[in-house]
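K.L.:
In terms of my numbering, the sequence shown opens at residue 92 and continues consecutively.
I have a structure I would like to understand better, so I am pasting it below and will then ask my questions one at a time.
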Amino acid sequence: MKAEDLEASTAYSYTMTLARVRGRLGHIRLQDLTEDHVEAWMRGALQEGRGRGGKPGPAWGRPRSRCRWPG
């Protein structure tokens, strides 16, 4: 999928989400990334909530199921 195929708001949302993930997990090589890393990131994201316009927004909803890695 190319950025030009997305609505501007969708592309912005993806960019912001990736920035949050990279900010916390970007230092970990993909092959070294574990379920514990992702769950710790999710817990932190739930505690911090989302920011809108530089102000805190509503917290993310709780995950409904536990992330399962293939293998």
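Positions of the beta carbon are idealized from the N, C-alpha and C atoms, including for glycine.
Since L124 and L137 are thought to touch, with beta carbons under 8 angstroms apart, how far apart are those beta carbons, to the nearest angstrom?
P.N.:
Translated into the one-based positions of the sequence shown, residue 124 becomes position 33. Translated into the one-based positions of the sequence shown, residue 137 becomes position 46. About 19 angstroms separates the two Cβ atoms, so there is no contact after all.
K.L.:
Cutting at 6 angstroms between CB atoms, please list the residues of its own chain near E95, excluding the five before and the five after it.
P.N.:
The residue given as residue 95 occupies position 4 in the sequence shown. So the list is empty, once near-sequence residues are dropped.
K.L.:
Could you tell me the distance, in whole angstroms, from the CA atom of E139 to the CA atom of Y105?
P.N.:
Walking along the sequence shown from the start, residue 139 turns up at place 48. Walking along the sequence shown from the start, residue 105 turns up at place 14. Rounded to whole angstroms, E139 to Y105 spans 19 angstroms at the Cα level.
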